[in-house]
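Chemist: Pasting a structure here, questions to come.
Residue numbers (our numbering): 125 to 355.
As structure tokens, then:
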């Protein structure tokens, strides 16, 4: 029938759109995590959802979009002052792979690699690269981007998210009070469990207007004034 054909067409368009969503998890920063390992030089079309091709994608930006690459380095220096710059090049013994090499401010002639980075710094490098790349995915989903980050880095991250949201739909799930405090009432959707299912709600701007004069959104969350509670 015409109705059935229309419904199938709508479903196909929605399915095709949802396949463009990118769901990023940079949780794994263990010794053998993809984030810490070398990657194939040719694996540079887009940043993988686990960050496993971070070296090759950064190298691509370095070669093709040097201004963007320099901005990423500058933001990393803001949260990790010991970081001087990346030292990215194909491996001298196997030019099909590339490592995440970098120089420290106090040792400008000694290259370090991904294994020498703290969990938080490594995650921030991946997040900054994701959010500052010249061509963003249509929809970016990031699960708990605050993990392992210093409070200052969380504030910088919030700024990157806001800026990226002008070019892409950015959806983050978080349990971070400082991160939530960086956003407006209209930006937040709370999730609660009710009758064995998840219930999503926008915040009421009018209802919260008098609270926001004296408290941040994160503080209101801590005080259980807004939803998103563990009960």
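Each residue gets a CB set at the ideal place from its N, CA and C atoms; glycine is no exception.
By how many angstroms is the C-alpha of residue 285 removed from the C-alpha of residue 341?
Modeler: Cα to Cα, the separation comes out at about 17 Å.
Chemist: Round the Cβ separation of residue 256 and residue 304 to the nearest angstrom and send it over; I've been treating them as touching at under 8 Å.
Modeler: In fact, because the Cβ distance is near 22 Å, the residues do not count as touching under 8 Å.
Chemist: Buried or exposed for residue 247, please, with buried defined as at least 16 other CB atoms from any protein chain shown within 10 angstroms of its CB.
Modeler: Result: buried.
Chemist: Going by DSSP, which residues form a beta bridge with residue 163?
Modeler: In the DSSP output, where bridge partners are listed per residue, residue 163 has 222.
Chemist: If contacts are defined as beta-carbon pairs under 8 Å, then residue 182 and residue 210 qualify, I think. What distance do you get, rounded to the angstrom?
Modeler: That belief holds up - the Cβ atoms of residue 182 and residue 210 are roughly 6 Å apart, short of 8 Å.
Chemist: With 16 other CB atoms within 10 Å as the buried threshold, where does residue 300 fall?
Modeler: The residue is buried, with at least 16 neighbouring Cβ atoms inside 10 Å.
Chemist: Looking only at C-alpha atoms, which of 179, 206, 228 sits nearest to residue 215?
Modeler: When only C-alpha atoms are compared, the closest one is 179.
Chemist: For the stretch 266-282 and the stretch 169-176, state whether three or more C-beta atom pairs, one from each stretch, are separated by less than 8 Å.
Modeler: No, the stretch 266-282 does not touch the stretch 169-176.
Chemist: Exposed or buried, residue 330, counting other C-beta atoms within 10 Å across all chains shown (16 or more means buried)?
Modeler: Exposed, by the Cβ-count rule.
Chemist: Can you name, in chain order, every residue of its own chain whose Cβ lies under 7 Å from the Cβ of residue 258, other than the five neighbours on each side?
Modeler: Closer than 7 Å at Cβ, skipping near neighbours: 189, 192.
Chemist: Please report the straight-line C-alpha distance between residue 298 and residue 149, rounded to a whole angstrom.
Modeler: Rounded to whole angstroms, residue 298 to residue 149 spans 12 Å at the Cα level.
Chemist: With distances taken from CA atoms, which of 337, 317, 203 is nearest residue 309?
Modeler: Nearest option by C-alpha distance: 337.
Chemist: Helix, strand or coil for residue 322 per DSSP?
Modeler: Three-state result, residue 322: strand.
Chemist: Alpha carbon to alpha carbon, how far is residue 136 from residue 143?
Modeler: C-alpha separation (whole angstroms): 11 Å.
Chemist: Could you please give the first and the last residue of the uninterrupted beta strand (DSSP E) stretch that includes residue 209?
Modeler: Here the beta strand (DSSP E) through residue 209 covers 207-210.
Chemist: Work out the CA separation of residue 352 and residue 327 for me, nearest whole Å.
Modeler: Going from the Cα of residue 327 to the Cα of residue 352 covers about 10 Å.
Chemist: What are the start and end residues of each continuous beta strand (DSSP E) run of 3 or more residues lying completely inside the stretch 237-318, in chain order?
Modeler: Fully enclosed beta strand (DSSP E) runs of 3 or longer: 263-267, 293-297, 313-318.
Chemist: What is the DSSP secondary structure of residue 334, reduced to helix, strand or coil?
Modeler: Residue 334: helix per DSSP, three-state reduction.
Chemist: Is residue 146 helix, strand or coil by DSSP?
Modeler: Residue state, collapsed to three classes: strand.
Chemist: Which term fits residue 169, buried or exposed, when burial requires 16 or more other beta carbons within 10 angstroms of its beta carbon?
Modeler: Exposed.
Chemist: What residue range does the alpha helix (DSSP H) around residue 200 cover?
Modeler: Note, residue 200: alpha helix (DSSP H), 190-203.
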